[in-house]
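When the count follows the working numbering, it moves up by one through the sequence shown with no breaks and lands on 522 for the last residue. All C-beta atoms, glycine included, are put in the ideal place defined by N, C-alpha and C. Source: prediction; values computed, not measured. Some notes on the structure that comes next.
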Amino acid sequence: MNALAQLGMVSETPRNNQVSGDLSHDMEDRKDYFIVRDGMRFAGTHLLVDLWDATNLDSPEEIDRVLREAAIVAGATILHSHFHHFSPNGGVSGVVVLAESHISIHTWPERNFAALDIFMCGACDPYTSIPVLQRFFKPERIVLDEQRRGKENL
Numbered sequence: 369m370n371a372l373a374q375l376g377m378v379s380e381t382p383r384n385n386q387v388s389g390d391l392s393h394d395m396e397d398r399k400d401y402f403i404v405r406d407g408m409r410f411a412g413t414h415l416l417v418d419l420w421d422a423t424n425l426d427s428p429e430e431i432d433r434v435l436r437e438a439a440i441v442a443g444a445t446i447l448h449s450h451f452h453h454f455s456p457n458g459g460v461s462g463v464v465v466l467a468e469s470h471i472s473i474h475t476w477p478e479r480n481f482a483a484l485d486i487f488m489c490g491a492c493d494p495y496t497s498i499p500v501l502q503r504f505f506k507p508e509r510i511v512l513d514e515q516r517r518g519k520e521n522l
């Protein structure tokens, strides 16, 4: 058992769509997960999501569950997750590590605020995660910013 599993940080049900085994084959045989969209090639979409006047910001277990749901809805492969509960304010910081990158969160219950990063490459669509977050956190206002990471000229 690896060290992350001993700490309870490894997903109990990781998806099995990653390639394993001999990686010594030619680079030409490897799948390229960069995206081509709108005349641009890039590594992935990175959403910065601010949730204002939000609820449910102090339960690491529930936040873990909803971020996993958001990852699955987006088509991502969950590798593991880890969350920390702060006291005395009850804030939560954590990450769901994905084969396609990550979803991270930091909450401030005393301010009814949460900041999330959703970075996904390949065929995943991080925008499909937003309704899952809205249902759970019930924010009055969402501020969303998109960055395309790893941009290349075509």
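Between residue 522 and residue 405 a beta carbon distance of about 11 Å is seen, past the 8 Å cut, so the two are scored as non-contacting. Unbroken beta strand (DSSP E) runs of no fewer than 3 residues, entirely contained in the stretch 398-480, are found at 403-405, 408-410, 412-420, 446-453, 460-466, 469-476, following chain order. Collapsing the DSSP output to three states places residue 501 in a helix. In the assembly as shown, residue 452 is an exposed residue. Its beta-carbon has fewer than 16 other beta-carbons within 10 Å. Taking C-beta atoms as the reference points, residue 460 and residue 448 fail to come closer than 8 Å. In this structure residue 494 is in contact with residue 413, their Cβ atoms being roughly 5 Å apart against a cut-off of 8 Å.
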